[in-house]
Amino acid sequence: MSAPTPDPAARLRAYLEANDLEYDEPSPGQFSFALPGEKKLQTPVRMDVGTHALGVHAFVCRRPDENHERVYAWLLQRNLRLFGVAFAIDAVGDIYLDGRLPLSALEDDELDRLLGTVLATADESFNLLLELGFASSIRKEWEWRTSRGESTTNLEAFRGWLEDGSSPSAGQQDEHEPDHRG
Numbered sequence: 001m002s003a004p005t006p007d008p009a010a011r012l013r014a015y016l017e018a019n020d021l022e023y024d025e026p027s028p029g030q031f032s033f034a035l036p037g038e039k040k041l042q043t044p045v046r047m048d049v050g051t052h053a054l055g056v057h058a059f060v061c062r063r064p065d066e067n068h069e070r071v072y073a074w075l076l077q078r079n080l081r082l083f084g085v086a087f088a089i090d091a092v093g094d095i096y097l098d099g100r101l102p103l104s105a106l107e108d109d110e111l112d113r114l115l116g117t118v119l120a121t122a123d124e125s126f127n128l129l130l131e132l133g134f135a136s137s138i139r140k141e142w143e144w145r146t147s148r149g150e151s152t153t154n155l156e157a158f159r160g161w162l163e164d165g166s167s168p169s170a171g172q173q174d175e176h177e178p179d180h181r182g
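Here it is, written out as structure tokens:
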């Protein structure tokens, strides 16, 4: 059994600083920061240094407006392909990625892998979750913007199914989808 990392909070603080991640430490051993993405512009993350493990909690998406069963089934199926984290929902139904890393494994390469999985999973899943859980709202927003000649830039990812009037194809299994199990 490996010895616990001496002062894991200091170790995590040094890692965040070395990777230019601006963070807050609202209480000792609790770190809040954001990971920059492409589809999901920012993923808010909280890391908690516990007695035996480092907890990671990342907000992915608010509670879906519709299609809950399909959204939750997709999350559970996706969990089978993840490394170090899993999708979870809170008491109101908001979607998170949650995981634990033993303090004995608190090394840069493991933190890279863990946060890389969080970032890639949140970013790759974001538009798909919006299609599954918010298609009606997206369609209404599209119709409102196009009827008034407003910009549809923020809806560009959904243009295909919005313009042709079809249903979103979100959630269909893609054999080329990345596997983050390590």
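According to UniProt numbering, the residues represented by the sequence shown are 1 to 182, in order.
Positions of the beta carbon are idealized from the N, C-alpha and C atoms, including for glycine.
Return the residue from the list the options that minimises the CA-CA distance to residue i.
| i | options | result |
| --- | --- | --- |
| R159 | D65, R70, W142 | W142 |
| T121 | F83, S147, S167 | F83 |
| R11 | G29, L119, V85 | G29 |
| P26 | L35, A9, G37, I95 | A9 |
| S136 | R145, V45, P168 | P168 |
In the DSSP assignment, what are the bridge partners of residue i?
| i | result |
| --- | --- |
| G55 | D48, R100 |
| P26 | Partner(s): none; P26 has no beta bridge. |
| F134 | Paired residue(s): none; F134 is not in a bridge. |
| T43 | L35 |
| P86 | Sequence check: residue 86 is Ala here, not Pro. In the DSSP output, where bridge partners are listed per residue, A86 has D98. |
List the whole-angstrom C-beta distance separating residue i from residue j, where the pair is believed to meet the contact cut-off of C-beta under 8 Å.
| i | j | result |
| --- | --- | --- |
| V56 | G99 | 5 Å |
| L132 | N67 | 5 Å |
| F33 | L16 | 6 Å |
| L114 | L101 | 6 Å |
| L111 | C61 | Going by Cβ atoms, the distance from L111 to C61 rounds to 24 Å, so no, they are not a contact pair. |
| D90 | G37 | Contact flag wrong, Cβ pair sits at about 21 Å. |
What would DSSP say about residue i, mapped onto helix, strand or coil?
| i | result |
| --- | --- |
| T152 | coil |
| S166 | coil |
| L111 | helix |
| P8 | helix |
With a threshold of 16 other CB atoms inside 10 Å of the CB of residue i, please say whether the residue is buried or exposed.
| i | result |
| --- | --- |
| K140 | exposed |
| P125 | Checking the displayed sequence, the identity of residue 125 turns out to be Ser instead of Pro. Buried, by the Cβ-count rule. |
| V92 | exposed |
| K40 | buried |
| W144 | exposed |
| T51 | exposed |
| L76 | exposed |
| T153 | exposed |
| Q173 | With a pLDDT of 48 at Q173, under the threshold of 50, the predicted position of this residue should be treated as unreliable, though the coordinate-derived value follows. Label assigned to Q173: exposed. |
| A58 | buried |
| T117 | buried |
Quick one: does the C-beta of residue i sit closer than 7 Å to a heavy atom of the ligand ADP?
| i | result |
| --- | --- |
| T146 | Of ligands this structure carries none, so the ligand ADP is not represented either. |
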